[in-house]
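A short worksheet on the structure shown next.
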Amino acid sequence: MSEAGAADVPARILLVEDSETQALELRLLLEAHGFAVERCASAETALDHLNRSQPDLVVADYHLPGMNGDELIRQMRLSLRTRALPVLMLTGGSGGERQGLESGADAYLPKSADRDLMILRIRALLRERRPAGDGEGPGPGAAAFRRGRVLVIDGSATYRTFLAGVMGQDGHHVASVDGPEAALAALDAAAADQAFDCVTVDLLGHAYDGLALCRAISQRRSGQAAGAGFHLVGIAGSDPAKDFLVEAYAAGADDVVSKTDAEVLALRVRGFVRRRLLEEDDRRIAGQFGERERAVERARAEAEAAEARARLADALEQANRDLADANRQLTEAQSKLVQAAKMASLGELVAGIAHEINNPLAFILAHQGTVERLLGELPDAAPEAAARAIDKARQRVGSMRMGLTRIQDLVLNLRKFSRLDEGERALVNVPEAIETVLALIQHKLGGRIAVERSFAGRAEIHCTPALLNQVVMNILGNAADAMPEGGTIRITTGSSPELDEIRISDTGPGIPDTLREKIFEPFFTTKPVGSGTGLGLAIAYSVVQAHSGSLTVETAPGGGACFVIGIPRQAASA
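End of the sequence shown = 577 in the numbering used here, gap-free, step of one.
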């Protein structure tokens, strides 16, 4: 059984060691104590590994090719994803403990230390570490680790190589060019995520004008966003004059360093790159917090909107119920009003018909008395007187038949007008229906109003009888009322492939333009109080609308009113 304990998942250790022999020895030791070990031979490969996978602890040698162990730890402490990762530094030289701890290592051990002590230090560091989930990949808000990018511009290939080596020890990606064209091309070709953090330019180069190049490079970064521009470092002689420094800073240089002091240059570049990486981390974290706050605000707004929609839906449902109740009540009230109007029209019609029936009935009763008297005188009368009495009685019976026929016609027309199937559509004979209505309102027309007919349209149309009974009777009744002194009513019909039309015009005073939009409104009437209900034309309009037709009013050729009933054939035959 291993000494790592009974943990289900072994702790993962990243070993950074360039020596194959020492790496193998340490790996076997750590695996023997139950740890899972991965090894990198350089600090640069270790940083790339940290971008892919997060170990539980890092064991790093201080002396490494390229970037040293202390700079590796400094770079790790710059990234949020590796900032709290425990690091044990190993070294074989003196003074390494101070350098290792100052760079950010959590513990230091010489390579010659007892191996049991090393295992104890590793276990202690793992216990102190705060749990961070399964350790796979970055935690929330962590960004991938990136190395600084530096562009070196110098006409000397030897110095470019030397400076690239010094910068490389700090873990930077270094690109080097020898002149203005290559430098500007490199700056233009760098993508947004591959932009340089620092540019060094030799201001005293013999192959080009260093100050002019410095100005050109400074212009490249002038259009970049705040905080996104690179740091421009000019490299001059060992003791540049004040006038030269003034020109260098005026050309856009952020710093001027002596060419003979490469370590100072490396320290200044290192400090600026670190500051850039920290600023990027701060901006990213601030952006993530801002995005989370915006997400919270969006979620809150969506919740409020959903609640408002729910309230609106409830209110709309209640409004729909109230509207349905109001519509039902309105429909019932309208039905009652229509029925009342029909009853009023029927009462007026019955009064007129009673008058029409009363005249022939009185005539029949008078003749019936005469016939009874003549028949009673026959037994005692002389033959000649009896013949005259029979002849006279026969004439009176003939007159009585005429009166009864008149009453029969009135009753027949009334039955046609008031038949119970008026709500069903059927083929209706237009001339016959109009004549029936004219016969029923004859008492209103009398002898003072002449009726002219011109039935040029189709004899039969598909509609409800109410269209020709109620509508035509209301219009004809209004026309008769509008001409108390007498006049003429003209009834014409016409047909087209799309429309059947009935036009009823009169020679009355007509309807003013200001009232034409109101005459079809319920309860609107121009008649004196008590003489009309104001529902006749409203009922007529609703009946025509039920046929998908139109009811309009125009000015008749003689100056009166002309009502036009239009019934589409397509709608009527539906």
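We put the beta carbon where it would ideally sit given N, CA and C, even for glycine.
Are the stretch 449 to 466 and the stretch 480 to 496 touching by the rule of at least three beta carbon pairs closer than 8 Å? yes
Would you tell me roughly how many angstroms separate the C-alpha atoms of ARG86 and ASP73, rounded to the nearest one? If I take the Cα positions, the gap works out to 14 Å.
SER3 versus ARG149: straight-line alpha-carbon distance, rounded: No answer is possible for residue 3: the residues shown for the chain start at 4 and end at 577.
Count the other CB atoms within 10 Å of the CB of THR510; is the residue buried (16 or more) or exposed (fewer)? buried
With 16 as the cutoff for other CB atoms within 10 Å, does ALA35 come out buried or exposed? exposed
Measure the CB-CB distance between PRO13 and PHE38 and report whether it falls below 8 Å. yes
8 Å Cβ shell around ARG271 - same chain, five flanking residues per side excluded: VAL236, ASP258, VAL260
For the putative contact between HIS66 and LEU17, defined by C-beta atoms under 8 Å, what is the C-beta separation to the nearest angstrom? 17 Å between Cβ atoms; not a contact.
Residue burial classification, GLY569 (beta-carbon count within 10 angstroms, cutoff 16): buried
Given a cut-off of 8 Å on the beta-carbon distance, is the pair ARG126 and LEU112 in contact? With a cutoff of 8 Å on beta-carbon distance, ARG126 and LEU112 are scored as not near each other.
With 16 as the cutoff for other CB atoms within 10 Å, does THR263 come out buried or exposed? exposed
Enclosing beta strand (DSSP E) for THR558 [first to last residue]: 553 to 558
Is DSSP giving SER106 helix, strand or coil here? helix
Is SER545 helix, strand or coil when you go by DSSP? SER545 falls in the helix class under three-state DSSP.
In the DSSP assignment, find the beta strand (DSSP E) that holds PRO515 and state where it starts and stops. That residue, PRO515, is in no beta strand (DSSP E); it is neither H nor E in DSSP.
Expressed to the nearest angstrom, what Euclidean distance is found between the alpha-carbon atoms of ARG295 and ALA309? 20 Å
Would you report the Cα separation of ARG277 and GLY168, rounded to the nearest angstrom? 18 Å
If we count Cβ pairs, one from each stretch, closer than 8 Å, do we get three or more for the stretch 434 to 443 versus the stretch 469 to 483? yes
At 3 residues or longer, and completely inside the stretch 239 to 286: list those beta strand (DSSP E) runs for me, N to C. Taken in chain order, the complete beta strand (DSSP E) segments of 3 or more residues contained in the stretch 239 to 286 are 258 to 261.
GLU139, DSSP secondary structure in three states: Because GLU139 carries a pLDDT of 46, less than 50, the predicted location of this residue cannot be relied on, and the following value inherits that uncertainty. Three-state result, GLU139: coil.
Three CB pairs or more closer than 8 Å across the stretch 173 to 187 and the stretch 306 to 323: no
Only counting the same chain, and skipping five residues up and downstream in sequence, which positions put a Cβ closer than 6 Å to that of ALA269? VAL169
8 Å CB neighbourhood of VAL400 in its chain, flanking five on each side removed: Excluding residues within five positions, the ones whose Cβ falls inside 8 Å are HIS370, VAL374.
Proximity below 8 Å, CB of ALA265 to CB of LEU166: LEU166 sits close to ALA265, with the two beta carbons spaced by under 8 Å.
Identity of the residue in LEU448, MET486, ALA436 nearest ALA462 by Cα: Looking at the Cα atoms, ALA436 is the closest of the given residues.
According to DSSP, is ILE522 part of a helix, a strand, or is it coil? coil
Is PHE292 helix, strand or coil when you go by DSSP? helix
Start and end residues, beta strand (DSSP E) containing LEU154: 152 to 156
Neighbour-count burial assignment, THR467, 16 or more Cβ in a 10 Å radius: buried
So, ALA188 versus LEU214, is the Cβ gap smaller than 8 Å? no
May I have a chain-ordered list of the beta strand (DSSP E) segments no shorter than 3 residues that lie completely inside the stretch 5 to 78? 15 to 19, 39 to 43, 60 to 64
How would you write the range of the beta strand (DSSP E) that ASP205 sits in, first residue to last? Counting along the chain, the beta strand (DSSP E) containing ASP205 begins and ends at 201 to 205.
Which partner residues does ALA178 have in the DSSP bridge list? The beta-bridge partner set that DSSP reports for ALA178 consists of LEU154.
PHE233, enclosing alpha helix (DSSP H) - first and last residue: Looking at the DSSP string, PHE233 is not in any alpha helix (DSSP H), and its letter there is neither H nor E.
My guess is that VAL567 and GLU504 are in contact by the Cβ rule of under 8 Å, so how many angstroms apart are they, rounded? 7 Å
Could you check which residue in LEU378, THR161, PRO515 has the C-alpha nearest to that of ALA559? PRO515
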